[in-house]
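With this note's numbering, you'll find the sequence shown wraps up at 1561, consecutive numbering, no jumps. Every residue gets a Cβ at the ideal spot worked out from N, C-alpha and C, and that includes glycine. Okay, so here's the structure we're looking at.
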Amino acid sequence: MIDTSALRLRLDGVRDRIAGAARRAGRDPASVRLLAVSKTFPAEDIRAAAAAGQVDFGENKVQEAQQKIAALADLPLRWHLIGHLQSNKARKAGGLFHCIHSVASAALLEPIDKAAQQAGRAVELLVQVDLAGEATKFGTTPDGVLPIFEAAARCSSARIVGLMLIPPAVDEPEQARPYFAALRQLRNQLQQQGIPAPALAELSMGMSHDFEVAVEEGATLVRVGSAIFGERTYPPPA
Ligand SMILES: *Cc1c(COP(=O)(O)O)cnc(C)c1O
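Structure below.
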């Protein structure tokens, strides 16, 4: 059973730290949205966070999210897909999520858009960028970003609203700062190349161990899991 008052304290603590980081950077704290990453945690934990005012939730698996979305359909929540999106799941994702952070190829756009259209809903997309050239990480190279924006112009129900980054794992939050700054610079560069501002409004970056640095560097969406819900215990390998 989840300890609701402890969860509330952790949520408030994260919100305070986001606001502090925003002020340090001369930003309006209201320009940063907290995405509570609920992957591996049960629907009742999400319900407790919702009771504490949390609206945006992030999941990394389509199947797992589908069950929670159904179980919590009575609440006005916003669901974000933050995990790698396989092309055979794109259609399903387009009918489920409000925002998909892991668009890394133009080929994903059409199935997402079609599904959203059929469901009569709008879907926001973020282009995931790999700035470290890591073979193990998903995301497009910086060169691959512009063609995805161009292809998205053909979508009717899905639209790109920004960029997403998972930096390489580092020991100290400060070591992630150059990657966060680089995503902001890429955003600025795309703006200069003629991409309209609404398509570049969001920068999804920062997790439990480095979200304050991300906010200092311009994050508008921070994806925080364990600092809110506690340490994850993954099921043992089969
Ligand atoms: C799990 C996950 C997070 C949250 O990680 P924490 O360290 O628990 O805050 C953020 N972003 C992505 C893409 C994730 O998969």
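- L1398 places its beta carbon 8 Å or farther from that of D1379.
- Judged by DSSP secondary structure, S1527 falls within the beta strand (DSSP E) whose first and last residues are 1525-1527.
- The three-state reading of DSSP puts L1544 in strand, counting E and B together.
- Not one heavy atom of ligand 1 is found less than 7 Å from the C-beta of K1391.
- Excluding residues up to 5 positions away in sequence, V1452, L1454, P1465, V1468, L1486 lie with their Cβ nearer than 8 Å to the Cβ of L1509 in the same chain.
- Per DSSP, Q1440 is not a residue of any beta strand (DSSP E); the alpha helix (DSSP H) it occupies stretches across 1432-1442.
- Within the segment 1360-1440, complete beta strand (DSSP E) segments of at least 3 residues are found at 1379-1382, 1401-1404, 1422-1426, given in chain order.
- Distance from the CA of D1326 to the CA of R1477, rounded to the nearest whole angstrom, comes to 47 Å.
- Taking every protein chain shown into account, the CB of L1523 has 16 or more other CB atoms within 10 angstroms, so this residue is buried.
- By the neighbour-count definition (other C-beta atoms within 10 Å, threshold 16), P1490 is a buried residue.
- If you look at E1447, you'll find it in the beta strand (DSSP E) that goes 1446-1452.
- Taking C-beta separations shorter than 7 Å and ignoring five residues to either side along the sequence, the partners of L1334 in its chain run A1372, A1375, Q1377, I1551, following chain order.
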